[in-house]
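So that you can map any letter, position 127 of the sequence shown is 126 in numbering that gives the first Met the number 0, and since no number is skipped, the others follow by simple counting.
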Amino acid sequence: MAPNVRDGDVCGPRALLDRWTMFSHCFDDVQVVLQRLEKGPIENSAVATVITSFTISPNSLRLVFPHLTQENEPGSVTTSLTNKLRGQRLVVRGSAFFEWDDTIGRVTSILSESDMLTPLLQVLGNLGDVNRVFNGALVSPESIWTTRSV
């Protein structure tokens, strides 16, 4: 990778590795399966289609969805949500677009996208609860991580 490779707001190979490491610390049993790798829509690009699966653990709730654990009173909506989420295995579909620079022989840009909304909607059953889960989370429905550190 190029020294200034970017994926959204993350810049540099070390920062990318840190983000991936953070993800693996936040969720249990992370598995990424490459479904397809194709030539991209522009010269020197490729698109990878992946399925990422992981389990929501107590650590996930504490680190990624802290607002759900901070407001946790018996019988509350957040208690119900944490109980529904804990132990659930999510299967998230996504893609990554890679740009390659022939002159330096390295990846210069990555654009990754994943749909976290759909599997959470399947678990929770309604958009209101999904909204409560993401409102205050460190990750968006598109699997974009906030710049706040875990």
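The beta carbon of each residue, even a glycine, is placed where N, CA and C say it ideally should be. Owing to the predicted nature of the structure, the values given are computational and were not obtained by experimental measurement.
Endpoints, the alpha helix (DSSP H) within which residue i is located
i, result
"Val-4", "Premise fails: Val-4 is in no alpha helix (DSSP H) and is neither H nor E."
"Phe-22", "12-25"
Residue i, DSSP secondary structure in three states
i, result
"Ser-142", "coil"
"Phe-53", "strand"
"Ala-47", "strand"
"Leu-110", "strand"
"Leu-137", "coil"
"Arg-85", "coil"
Opening and closing residue of the beta strand (DSSP E) in which residue i lies
i, result
"Leu-89", "88-100"
"Glu-42", "Segment: none, Glu-42 is in no beta strand (DSSP E) and carries neither H nor E."
Cutoff 6 Å; reference residue i; Cβ partners in own chain excluding five residues on either side
i, result
"Gln-30", "Ser-52"
Residue i versus the options, residue with shortest Cα-Cα distance
i, options, result
"Ala-47", "Leu-123, Asn-82, Asn-58 and Ser-111", "Ser-111"
"Phe-133", "Asn-3, Leu-67 and Trp-99", "Leu-67"
"Arg-92", "Ile-50, Glu-37 and Asn-125", "Ile-50"
"Arg-88", "Thr-54, Ala-95 and Asp-8", "Thr-54"
"Phe-97", "Ile-103, Gly-104, Ser-108 and Met-115", "Ser-108"
"Arg-5", "Val-129, Trp-99, Asn-125 and Asp-114", "Trp-99"
"Leu-123", "Glu-37, Lys-38 and Ser-79", "Ser-79"
"Met-214", "Cys-10, Asp-8, Trp-144 and Pro-12", "Nothing can be reported for residue 214: it is not among the residues displayed for the chain, which extend from 0 to 149."
Contacting residues, own chain, Cβ-Cβ under 7 Å from residue i (five flanking each side not counted)
i, result
"Cys-25", "Asn-58, Ser-59, Leu-62, Val-63 and Val-149"
"Gly-7", "Ile-143"
Cut-off 8 Å between Cβ atoms - residues of its own chain near residue i, not counting five sequence neighbours on either side
i, result
"Pro-40", "Val-46"
"Val-129", "Leu-116, Leu-119, Leu-120, Leu-123 and Pro-140"
Residue-level contact to chain B via CB, residue i, 8 Å cutoff
i, result
"Val-129", "Absent from the structure: chain B. Only one protein chain is present."
Exercise. Is it true that the segment 133-142 meets the segment 55-70, where meeting means three or more beta-carbon pairs spaced less than 8 Å apart?
Worked result: yes
Problem set entry | Stretch-stretch touch, CB-based, cutoff 8 Å, three pairs: the segment 32-45 with the segment 12-22 | no
For this session: Take every Cβ of the segment 116-130, pair it with every Cβ of the segment 79-90, and state whether three or more of those distances are shorter than 8 Å.
Result: yes
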